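What follows is a short report on a single structure.
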Amino acid sequence: MATSDVKLIGAWASPFVIRALIALKVKSISYEFLQETFGSKSKLLLQSNPIHKKIPVLIHADKPICESLIIVQYIDEVWTSGPTILPSDPYDRAIARFWAAYIDDKWFPCLIGIVRGQLEGEAKETVIQQMSAGLVLLEEAFEKCSEGKGYFGGEKIGYLDIALGSFLGWINVTENMIGMKVIDEAKTPCLVGWAERFCADSAVKEVMPEIEKLEEVAKLLQANV
Amino acid sequence: MEEVKLFGAWPSPFSYRVIWALKLKGIPYEYVEEDLSNKSALLLQYNPVHKKIPVLVHGGKPIAESLVILQYIDETWPQNPLLPKDAFERSKARFWAKFAEDKGSTIWAIFRTGGEEQEKAMKESLEMLKTIEEHALGGKKFFGGDTTGLADLTFGGIALWLGVIEDIVGVKLVEPHTFPRLCAWIENFKEIPVIKQNLPDREKLFVYLKHRREILLASP
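So the sequence lines, in the order shown, correspond to chains A and B. The first sequence begins at 1 in UniProt numbering and counts up one residue at a time. The second sequence begins at 1 in UniProt numbering and counts up one residue at a time.
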């Protein structure tokens with residue numbers, strides 16, 4: 001398929017964009033990356049996602065697909081010759097979707113709350129606790145989903161690995177900010193091993209940004225609030 | 001076929017989404033009514049993370065979150081599909097279902113609040129409804145095209161619960177001259193036999209929600 005057939009509008013630092021990038025890499029899809037400038041939105045983005053005006057947007061044969069998890073499912077359904085991303089069993093798919101929704105709806109607001117740097121005192125402590133508690137739930141989910149193998153998806157990375165793994169760089173940034181580990185041997189031992197495996201995966205290595213670069217972005221986010 | 005159980009609550013549009021999906025596909029199930037003020041031990045066991053209805057239990061295995069349940073139902077029982085075959089069309093259906101899920105809470109915010117907070121919720125609800133009117137329906141009868149689909153079921157709250165909330169609060173958000181497509185959709189959706197036969201009694205819902213609102217506004 002011609003590279004120009006698949007475009008991804010995004011920003012290298014966004015965990016939601018990273019989800020789409022990992023899915024593209026898993027399927028070995030050639031694509032053109034259209035980097036958005038921080039602080040402004042391109043005409044193409046506003047045209048392609050008029051409802052939310054957000055990245056990522058996948059453009060496939062001129063048709064826009066929005067929302068990171070919807071993009072990942074779209075990629076999985078269209079490029080069937082590559083490794084599968086969603087589990088094949090409907091119940092396993094439901095569990096994966098449940099936890100992906102949990103990550104976006106309940107857990108991510110805690111993470112972004114801390115990164116924005118506006119929280120203090122008890123409010124900050126509460127959010128940190130909520131974020132940590134969420135990871136403990138995900139540790140339990142990992143134990144069930146992985147069935148003793150290395151990933152939420154079993155033998156290889158899958159939908160839930162991508163949904164959570166895309167945040168690993170930002171989790172590191174947060175850990176540095178608050179001065180404590182939220183993925184650690186004591187509370188989330190399985191996730192410790194999983195995080196290393198995930199980041200070392202060939203589909204992930206090239207698209208996971210360096211912590212130092214993310215920390216610079218964090219400063220911009222904090223200044224912009 | 002393994003046993004299907006649905007834990008729901010009669011005033012909840014989320015519960016009805018699942019009932020409609022099961023009925024549209026002709027899937028027999030046992031319904032368990034939950035008292036939300038006194039949740040059963042079984043519900044808390046089946047949905048420890050959110051402790052909410054609906055929960056579908058199929059062959060003893062629980063699934064929570066209505067959108068997750070709807071997709072599970074569609075993938076397990078493929079007759080009368082809720083999602084189109086084409087991947088791009090599916091992505092649009094999922095997009096609107098997610099939109100309904102994420103933004104639908106603004107209507108409930110009108111119900112739960114008063115004063116300035118309520119003003120804000122009304123403004124946000126109108127924006128949301130306008131987006132649906134202008135972008136989601138297009139010229140189609142249903143969000144799913146000629147037949148209802150995932151997005152229609154997810155927007156189902158607009159078909160009855162919105163009107164009840166409007167009556168309780170004393171506002172009119174959706175009128176035929178401002179939202180012609182949405183009003184036509186509401187009529188068409190409620191005419192579908194499965195939907196028509198599976199809606200809570202409007203009077204009963206009005207009384208229940210009015211009482212709930214009084215309690216909510218009275219508490220500090």
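Glycine included, every Cβ here is placed at the ideal spot set by N, Cα and C. All values derive from a computational prediction rather than experimental measurement.
CB contact flag (I53 (chain B), G104 (chain B), <7 Å): The answer is no: Cβ separation not under 7 Å.
Helix, strand or coil at G10 (chain A) according to DSSP, with G and I counted as helix: Judged by DSSP in its simplified three-state form, G10 (chain A) adopts strand.
Unbroken stretches of the alpha helix (DSSP H), 4 residues or longer, contained in the UniProt domain "GST C-terminal" (86 to 215) of chain B: You should have 87 to 103, 105 to 112, 115 to 131, 150 to 155, 157 to 169, 180 to 191, 193 to 196.
Cutoff 7 Å: K123 (chain B) Cβ touching any chain A Cβ: Cβ-Cβ to chain A under 7 Å: no for K123 (chain B).
Any 3 or more C-beta pairs closer than 8 Å across the stretch 166 to 182 of chain A and the stretch 194 to 212 of chain A: Touching, per the Cβ criterion.
F88 (chain B) at chain A interface by Cβ criterion, 7 Å: The beta-carbon of F88 (chain B) is placed less than 7 Å from the nearest beta-carbon of chain A.
Delimiting residues of the alpha helix (DSSP H) encompassing L58 (chain A): Counting along the chain, no alpha helix (DSSP H) covers L58 (chain A); the unbroken beta strand (DSSP E) around it starts and ends at 57 to 60.
CB of I107 (chain B) within 7 Å of CB of L162 (chain B), strictly: Using a Cβ distance threshold of 7 Å, I107 (chain B) and L162 (chain B) count as a contacting pair.
The stretch 181 to 201 of chain B contacting the stretch 119 to 133 of chain B, beta-carbon criterion three pairs below 8 Å: Short answer: they touch.
Per-residue DSSP class, three states only, for K181 (chain A): Residue state, collapsed to three classes: coil.
Beta bridge counterpart(s) of Y31 (chain B) as assigned by DSSP: In DSSP, Y31 (chain B) forms a bridge with B:L6.
Contact check, V17 (chain A) vs P56 (chain A), beta carbons under 7 Å: Going by C-beta atoms, V17 (chain A) is nearer than 7 Å to P56 (chain A).
For M1 (chain A), the three-state DSSP class (helix, strand or coil): Only weak support is given to the placement of M1 (chain A): the predicted model assigns it a pLDDT of 49, under 50, and the value that follows is read from those uncertain coordinates. Reduced to three states, the DSSP call for M1 (chain A) is coil.
Rounded straight-line distance, which links the Cα of E32 (chain A) to that of D62 (chain A): Computed Cα separation, rounded: 13 Å.
Residue(s) in a DSSP beta bridge with E32 (chain A): Partner(s): A:K7.
Under 8 Å by beta carbon: chain B residues contacting V78 (chain A): The contact set of V78 (chain A) on chain B, defined by CB atoms closer than 8 Å, consists of A87 in chain order.
Separation of P62 (chain B) from Y46 (chain B), as counted between CA atoms: Distance from the CA of Y46 (chain B) to the CA of P62 (chain B), rounded to the nearest whole angstrom, comes to 6 Å.
Minimum Cβ-Cβ distance from A94 (chain A) to chain B less than 7 Å: A94 (chain A) counts as touching chain B.
Helix, strand or coil at P64 (chain A) [DSSP, three-state]: Assigned with DSSP and collapsed to three states, P64 (chain A) falls in strand.
Residues of the stretch 53 to 73 of chain B whose Cβ lies closer than 8 Å to any Cβ of chain A, in chain order: Listed by position along the chain: H58, K61, I63, A64, E65, L67, V68, I69, Q71, Y72.
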